[in-house]
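Down below is the structure, laid out as structure tokens.
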Amino acid sequence: MKISTLIPAIALSLLAPSTLHAETPAEKEARMQWFHDARFGMFIHWGLYSEAAGEWNGKPVADIGEWIQSYGKIPHAEYRSVLLPRFNPVKYDADAWVLAAKNAGMKYIVITSKHHDGFALWDSKLTDWDIASTPYKKDLLKPLAEACEKYGVRLCLYHSIMDWGHPDWGTKASGPPGAATTDVNVQQHTWRANYTNPKPDMDKYTAYLKGQLKELVDNYHPGILWFDGEWEDAWTHERGVDLYEYLRKADPALIINNRVDKGRAGLAGHTTDAKFKGDYGTPEQEIPATGFEKGVAWESCMTMNDTWGFKKNDHNWKSPEVLIRNLVDIASKGGNYLLNVGPTGEGEIPAPSLERLAAMGAWMKVNGESIHNTTATLFETCSWDGRSTTRTSDSGATRVYLHVFNRPESGKLVIKGLLEKPEKATLLGSSEPLTASLDAGACTIDLPATLPDPICSVIALDFKKSPAIKQIPAPPAPEKKEPAKH
Ligand code: FHN
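In the working numbering, the protein residues as written are -13 to 472.
Here it is, written out as structure tokens:
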């Protein structure tokens, strides 16, 4: 791969403004407010792997589609020579993608500017391992940025720190093919571009990484830089801190996730120690049981089927019920839901994804106010089959949303611990007021014979201020029964 003469690290550091402003908690909250209010975003994994679609040489390759080069152990030169000439997304319609997200109730889009294979979706000045080397040639990020601007959706960019296509990603001498090396991350991966580099230089790679990120910040002004691929030894805490500060100086409004540094607890996504950089936690394919501590921002990223990047044979789609209830569960815990789509190599979002987005949009059209601009539930435990979120106005007036998954047979929704009767109780999507009564430390809502939405109906309770609540302790976790000793 041609790497143009890299901007020496010193020159890049001169480009950044002087020192990083010491942000107060209030200033950070103001910077993050749009993220908290959004609650729901679209993740897009799109690249050369989308064209491979989970197959290589006509045979299926296991596991997630965007890792096909790794699971297929496809040497960088072969991966490049096969896929570059094939990647020609002539059906790409950025406006249609952004409208699909917006109409689903999504407020931001995070697209892979570069995934682990190192291929760039824009025409980077620092490499020819990018869209300009394909038959399509044109920048894929620019139309999306313009469509996001047009429809009021925030453009955000995923960027992999790990780069299988760069000869300087990696640590220790890798040596020529077959040479002994102690670096497992190099030794096992003979298919990576760094394997033939006797001495990968992480300072050179970091200058390249910063140079490409400067291109992205300057040209597309992302709301979030969503880092990933930080786990290998080649990337250190020191480099993570330096990169976070470099980017925050480049754009003080930028939000950066916790995968820029080394501090996330694996797929649980929680930042393990305040020394690690990153503005929010990133649970992956899971929803924290009770959310993170109050005041800790987080976002669960999840697939709609089993893969992030498109695979022609992955039909294991989650139902709209699962997706809507995930969104409600996450919002009730004060988090964001980043739900993935994996477009095809031709540039189309798969029909099953569009169908699910449309179903979520229909639900959000009636109930979206119980998700957007809300904060977590006021209740430590939920005494009904559902969840709750909260909306507080500047005056202190408080609307408590009750998400009901299944109507209680009694026809009465009992909210244990709510010690005040609301000024008003309504069913979203209906003008009929509901009757609320107080008894024995609970507020009871009389429900209509049928609820409007079989997946999740939402009741809104209005109070002049945040209502008095007596928290009901969570039931003890079921004892882990020791397996019988034979
Ligand atoms: O390795 C990546 C994977 O391909 C995908 O991008 C997910 C999405 O968050 N992140 C990493 C796995 O944790």
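Ideal Cβ positions, reconstructed from N, Cα and C, are used throughout, including at glycine.
This one's a predicted model, so the numbers in the text were calculated from it and none came from an experiment.
Can you find a heavy atom of the ligand FHN that lies under 7 Å from the Cβ of A50? Along the sequence shown, read from residue 1 onward, the residue named residue 50 stands at position 64. Before going on, a small fix: residue 50 reads as Ile here, not Ala. For the ligand FHN, at least one heavy atom lies less than 7 Å from the Cβ of I50.
With 16 as the cutoff for other CB atoms within 10 Å, does D149 come out buried or exposed? Your numbering for residue 149 matches position 163 in the sequence shown. With a threshold of 16 other beta carbon atoms within 10 Å, D149 meets it and is buried.
With a 10 Å radius around its C-beta and 16 neighbouring C-beta atoms as the bar for buried, classify E409 as buried or exposed. Within the sequence shown, residue 409 is the residue found at index 423, counting from 1. E409 should be labelled exposed.
Relative to the ligand FHN, is the shortest distance from any of its heavy atoms to the C-beta of G215 smaller than 7 Å? The residue you call residue 215 lines up with position 229 of the sequence shown. Result yes, Cβ under 7 Å from the ligand FHN.
Check whether the Cβ atoms of S369 and I445 lie closer than 8 Å to each other. Numbered from 1 along the sequence shown, position 383 holds the residue referred to as residue 369. Numbered from 1 along the sequence shown, position 459 holds the residue referred to as residue 445. Not closer than 8 Å, so no.
Does the distance between the C-beta of W370 and the nearest non-hydrogen atom of the ligand FHN fall short of 7 Å? Counting from 1 along the sequence shown, the entry for residue 370 is found at position 384. No, since every heavy atom of the ligand FHN falls outside the 7 Å radius drawn around the Cβ of W370.
For the putative contact between Y194 and L112, defined by C-beta atoms under 8 Å, what is the C-beta separation to the nearest angstrom? Position 208 of the sequence shown holds residue 194. Position 126 of the sequence shown holds residue 112. Taking 8 Å as the upper bound for CB-CB distance, Y194 and L112 are in contact here, some 6 Å apart.
Just list the residues that DSSP pairs V390 with in beta bridges. On the sequence shown, position 404 is the one that residue 390 refers to. Answer by DSSP bridge pairing, in chain order: G372 and S443.
What whole-angstrom Cβ distance do G267 and V282 have, given they're in contact under 8 Å? The count along the sequence shown starts at 1 and reaches residue 267 at position 281. The count along the sequence shown starts at 1 and reaches residue 282 at position 296. With a Cβ gap of about 6 Å, G267 and V282 count as contacting.
Flag this pair as yes or no: are the beta carbons of T378 and T363 separated by less than 8 Å? On the sequence shown, residue 378 is found 392 positions in, with the first residue counted as 1. On the sequence shown, residue 363 is found 377 positions in, with the first residue counted as 1. Pairing T378 with T363 gives a Cβ-Cβ distance that is not under 8 Å.
Whole angstroms is fine: what's the gap from F296's alpha carbon to M290's? What you label residue 296 is simply residue 310 of the sequence shown in a count that begins at 1. What you label residue 290 is simply residue 304 of the sequence shown in a count that begins at 1. In a straight line, the C-alpha of F296 is about 11 Å away from that of M290.
State the beta-bridge partners of W212 as determined by DSSP. As a first step, residue 212 is located in the sequence shown; it is residue number 226 there, counting from the start. Note: W212 sits in a beta bridge opposite Y144.
Whole angstroms is fine: what's the gap from K476's alpha carbon to A236's? Because residue 476 is not part of the residues shown, which for the chain are -13 to 472, the question remains open.
Closest by C-alpha distance to E332, when choosing among N43, D79 and K14: For the purposes of this step, residue 332 is taken as residue 346 along the sequence shown, with counting starting at 1. The closest CA to that of E332, considering only N43, D79 and K14, is found on D79.
So I401 and C429 are supposed to be a Cβ contact under 8 Å. How far apart are they, rounded? As a first step, residue 401 is located in the sequence shown; it is residue number 415 there, counting from the start. As a first step, residue 429 is located in the sequence shown; it is residue number 443 there, counting from the start. Here I401 really is in contact with C429; their C-beta atoms are around 5 Å apart, less than 8 Å.
Would you report the Cα separation of W278 and T176, rounded to the nearest angstrom? Locating residue 278 in the sequence shown gives position 292, counting from the first residue. Locating residue 176 in the sequence shown gives position 190, counting from the first residue. Contrary to the premise, residue 278 reads as Phe rather than Trp in this sequence. Their Cα atoms are separated by approximately 40 Å.
For the ligand FHN, is there a heavy atom less than 7 Å away from the beta-carbon of C287? To locate residue 287, count along the sequence shown from 1; it is residue 301. Yes, since a heavy atom of the ligand FHN falls inside the 7 Å radius drawn around the Cβ of C287.
Report all residues from its chain with a CB closer than 7 Å to the CB of P462; omit the five preceding and five following residues, and keep chain order. Residue mapping note: residue 462 aligns to position 476 of the sequence shown, counting from 1. Result list for P462: empty, nothing under 7 Å.
Is any non-hydrogen atom of the ligand FHN found closer than 7 Å to the C-beta of W115, if you look at the structure I gave you? Taking the sequence shown and counting its residues from 1, the one referred to as residue 115 is at position 129. No - the ligand FHN has no heavy atom lying nearer than 7 Å to the Cβ of W115.
Taking only the alpha-carbon atoms, compute the straight-line gap between R72 and T10 and give it to the nearest angstrom. Here residue 72 is taken as the residue at index 86 of the sequence shown, counted from 1. Here residue 10 is taken as the residue at index 24 of the sequence shown, counted from 1. Looking at the two C-alpha atoms, the distance is approximately 49 Å.
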